[in-house]
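Since the structure comes first, as structure tokens, the remarks are kept for the end.
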Amino acid sequence: MKTFVRKLLSPAGSTVYVGRNQRGNEHLSMQFARGNDVWMHARGCPGAHVIIQNRRGSSPVTQECMEFAANLAIFYSDARNEVAFDVSVAEPKHVLKPRGAGLGAVKLREEKQVLTGRPALIPEELKLARGESGQSDEYHTTDKAKHRRRNKEAAKQVRSKKRAEIKEKRKRKRNSATSD
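Be aware that the sequence shown starts at 1, since it is given in the UniProt record's numbering, and climbs by one per residue.
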């Protein structure tokens, strides 16, 4: 699972884990997170689940660490082009997986607090690492809309083809019923 999770060190010295994809998010939220850890996610938009590890013997979670993790949550979400965006903060025990939900999908039973994340405050080396990983901001601002349009058009074509097949089937059924 380690390949689906990014491990970072906050300026305050706490260990912060960021889900790279749905599988990583699922692993972090449902298996890895423990009682005193802090769970974060961009509020109301798809993105990475962020865990600040707060275990016995680890550095205490400071406000600086919380802000760093909130910035990460926004930076690794669809809201990365915003100046500031809300981040949900919760205890892992309040993060639930709804029955039948997809990989990485969760709901919160209780929100501990809401922070404001600012993706511009992310260190440059993390911005460069994201660009090298294959998903730059350019993809999300231009190609994503194109892909969405193509998918809609393809789905529309499939629906119209199915409708035509159903009409043809009904027509044949009527013709065979009248010829008998």
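Note that beta-carbon positions come from the ideal geometry of N, C-alpha and C, so glycine has one too.
A quick note: this is a predicted structure, and the numbers were derived from the prediction, not measured.
Contact belief for residue i with residue j at Cβ below 8 Å, rounded distance in angstroms
i   : j   : result
S14 : V61 : 6 Å
P11 : F75 : Not really, about 15 Å apart at Cβ, beyond 8 Å.
F4  : R23 : 5 Å
A79 : G47 : 7 Å
M30 : K97 : 6 Å
A73 : H41 : 6 Å
L8  : V18 : 7 Å
N36 : R20 : With 8 Å as the limit, N36 and R20 do not qualify as a contact, their Cβ atoms being about 24 Å apart.
V95 : I52 : With 8 Å as the limit, V95 and I52 do not qualify as a contact, their Cβ atoms being about 13 Å apart.
First through last residue of the alpha helix (DSSP H) which encompasses residue i
i    : result
F85  : Where F85 is concerned, there is no enclosing alpha helix (DSSP H), although the beta strand (DSSP E) it sits in stretches over F85 to A90.
I122 : First-last for I122: undefined, no H or E at that position.
N36  : Counting along the chain, N36 falls outside any alpha helix (DSSP H), and DSSP gives it neither H nor E.
Q63  : Q63 to F75
Those residues which DSSP pairs with residue i across a bridge
i           : result
A42         : V87
R6          : V18
Q113        : V89
residue 182 : Nothing can be reported for residue 182: it is not among the residues displayed for the chain, which extend from 1 to 180.
F47         : For the sequence presented, residue 47 should be read as Gly rather than Phe. S77, per the DSSP bridge assignment.
Continuous beta strand (DSSP E) stretch holding residue i: start and end
i   : result
V50 : V50 to I52
Cβ pair count under 8 Å reaching 3, the segment 151–158 against the segment 98–107: With the rule of 3 Cβ pairs closer than 8 Å, the segment 151–158 does not count as touching the segment 98–107.
Touching or not, the segment 113–130 and the segment 80–90, by the rule of three or more beta carbon pairs under 8 Å? Contact holds: three or more Cβ-Cβ distances are below 8 Å.
Touch test, the segment 76–84 against the segment 118–130, Cβ-Cβ under 8 Å, three pairs minimum: Output reads yes: the segment 118–130 touches the segment 76–84.
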